[in-house]
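The structure appears right after this line, and notes come after that.
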Amino acid sequence: MRRKSIALATGLLLAAPMMSASADAAGVQLAPHRAVYAVELEDASDRSGITGMRGRIVYEFRGSACEGYTTNFRFVTQIAARAGGRVTDQQTTTFEEADGSSFRFLTRTFVDQRPDRMIEGVAAVEDDATVVTLSEPEEGEIRLDPAAFPTAHMIDLIERAADGERFYERKIFDGSDDADRVLTTTVIIGPEKTGDEDDPDAIGAVADTPFRNISVAYFDEVTEGEGLPEYRIAFKMHDNGITRSLEMDYGDFLLSGTMEELELFEVEDCS
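In the numbering used here, the protein residues as written are 189 to 459.
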């Protein structure tokens with residue numbers, strides 16, 4: 189199972205031409221925060237072999253336009269399948285420069301509490317390419333198409349939403365999987381809404397603030413196929429970057445994520 193950016197989220201959910209990720213310059217103030225999501229299996233095909241799945245996501249976002257952005261992401265899932273059950277634990281730490289020029293990433297994956305794989309590296313914008321330098325699992329360098337890093341992608345999304353844009357495409361690199369590819373995202377932005385009493389995870393600081401329904405489909409241009417996305421993430425996004433009511437569609441199975449806890453951190457003064 190791939191690690192996906194919720195704060196595109198978180199991850200989130202998160203480019204040519206390259207744009208600054210400065211929140212001050214873009215007029216976007218991302219909220220440093222920690223969010224916890226309960227994950228449940230909504231649907232699974234027979235082909236997936238999955239009979240049950242539940243888990244928890246803990247996502248922490250810190251930083252600012254003056255110091256860059258750090259994320260800590262942990263996704264623990266208990267999977268029941270016809271071939272047997274397992275517990276997976278993915279732990280990811282990233283740091284993105286505020287100007288979007290470089291992106292460091294480290295992901296460790298455990299299966300049934302045993303180390304399964306690790307990938308570590310740094311990606312940088314150089315001329316007309318995204319250059320990825322890996323240190324784990326082995327050293328190497330990969331040149332990919334120009335792409336936005338996750339926080340720059342999120343800021344761009346928020347800015348486009350504020351400008352009234354409803355549909356666009358943009359490439360992203362987030363260091364997931366083998367950190368060897370850029371994905372093309374197709375983003376659909378819904379109109380601004382406010383929550384109601386039936387909105388279960390409109391909690392804490394976002395309980396009474398407007399949001400938009402966002403859908404992001406991820407395509408791998410290298411993979412041959414029928415033009416279907418590799419996966420799709422839908423969520424409610426607030427204009428401070430906090431996301432909730434997650435829906436993660438991996439084709440053979442569908443997961444939901446409900447925000448259960450939200451803690452805001454102090455915003456750094458860049459003056």
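Ideal Cβ placement from N, Cα and C applies to all residues, glycine included. These numbers come from a predicted model, not from an experiment.
Point to revise | Proximity below 8 Å, CB of R135 to CB of K381 | key: Nothing can be reported for residue 135, as the shown portion of the chain is limited to 189 through 459.
Review point. Where do the ends of the beta strand (DSSP E) carrying D427 lie?
Key: Segment: none, D427 is in no beta strand (DSSP E) and carries neither H nor E.
Check your understanding: When DSSP labels each residue in this structure, what does A395 get in the three-state scheme?
Key -> Judged by DSSP in its simplified three-state form, A395 adopts coil rather than helix or strand.
Check your understanding: Name the DSSP beta bridge partners of M436, please?
Key -> According to DSSP, M436 shares a beta bridge with I421, L443.
Check your understanding: How should T339 be labelled, buried or exposed, when 16 other C-beta atoms within 10 angstroms of its C-beta is the threshold for buried?
Key -> Burial call: buried.
Check your understanding: Looking at C-alpha atoms only, which residue of T297, A271, E284, I267 is the closest neighbour of D277?
Key -> Restricting attention to T297, A271, E284, I267, the CA atom closest to the CA of D277 is found in T297.
Point to revise | R262 vs V246 beta-carbon contact at 8 Å | key: R262 is a Cβ neighbour of V246, given a cutoff of 8 Å.
Practice item. Taking 8 Å as the threshold, find out whether the segment 388-399 comes into contact with the segment 445-456 through three or more Cβ pairs. Key: Look at the beta carbons and you see the segment 388-399 touching the segment 445-456: at least three pairs across the two are nearer than 8 Å.
**Study point:** Among E284, E418, Q301, A253, the one whose alpha carbon lies nearest that of Q266
**Key:** Selected option, being the one with the closest Cα: Q301.
Practice item. Could you check what DSSP says for E285 in three-state terms: helix, strand or coil? Key: Annotated three-state conformation of E285 is coil, per DSSP.
Check your understanding: Measuring CB to CB, does G309 end up less than 8 Å from F293?
Key -> It is a contact, given that the beta carbons lie within the stated cut-off.
**Study point:** contact_flag[the segment 338-353, the segment 316-328] where n(CB pairs < 8 Å) is 3 or more
**Key:** Touching, no.
Review point. Who does A312 pair with in a DSSP beta bridge?
Key: DSSP output for A312 lists S290, V319 as bridge partner(s).
Check your understanding: Taking DSSP as the reference, what is the three-state secondary structure of F249?
Key -> Here F249 sits in strand by DSSP.
Practice item. With a threshold of 7 Å, establish whether the CB of R305 neighbours any heavy atom of the ligand SAM. Key: Summarising the ligand content, the structure contains no ligands, and the ligand SAM is consequently not present.
Exercise for review: Run the CB neighbour count on G328, radius 10 Å, all protein chains shown included, and call it buried at 16 or more, exposed below.
Suggested key: Exposed.
Point to revise | Under the three-state DSSP convention, the category S364 falls into | key: If DSSP states are grouped into helix, strand and coil, S364 belongs with coil.
Practice item. Starting from P388, follow the beta strand (DSSP E) in both directions and report where the run begins and ends. Key: Element bounds for P388: n/a, residue is neither H nor E.
Practice item. Quick one: residues in its chain with C-beta nearer than 7 Å to the C-beta of T321, no 5 flanking neighbours on either side, listed in chain order? Key: If the five residues before and after T321 are omitted, its C-beta is found closer than 7 Å to the C-beta atoms of G309, V310, E329, all from its own chain and listed in chain order.
Check your understanding: With DSSP run on the structure shown, which of helix, strand or coil describes P334?
Key -> P334 falls in the coil class under three-state DSSP.
Check your understanding: Hey, how far is the Cα of T374 from the Cα of A268?
Key -> Their backbone Cα atoms lie some 32 Å apart in a straight line.
Check your understanding: For D366, which option in R348, P325, A405, P334 has the closest C-alpha, if you only look at C-alpha atoms?
Key -> When only C-alpha atoms are compared, the closest one is P325.
Check your understanding: Can you tell me whether DSSP reads R242 as helix, strand or coil?
Key -> Under the three-state reduction of DSSP, R242 is assigned to strand.
**Study point:** N- and C-terminal bounds of the beta strand (DSSP E) containing A271
**Key:** Per DSSP, A271 belongs to no beta strand (DSSP E) and is neither H nor E.
Review point. Are there 16 or more other CB atoms within 10 angstroms of the CB of L416, so buried, or fewer, so exposed?
Key: The residue in question, L416, is exposed, as its Cβ has fewer than 16 Cβ neighbours within 10 Å.
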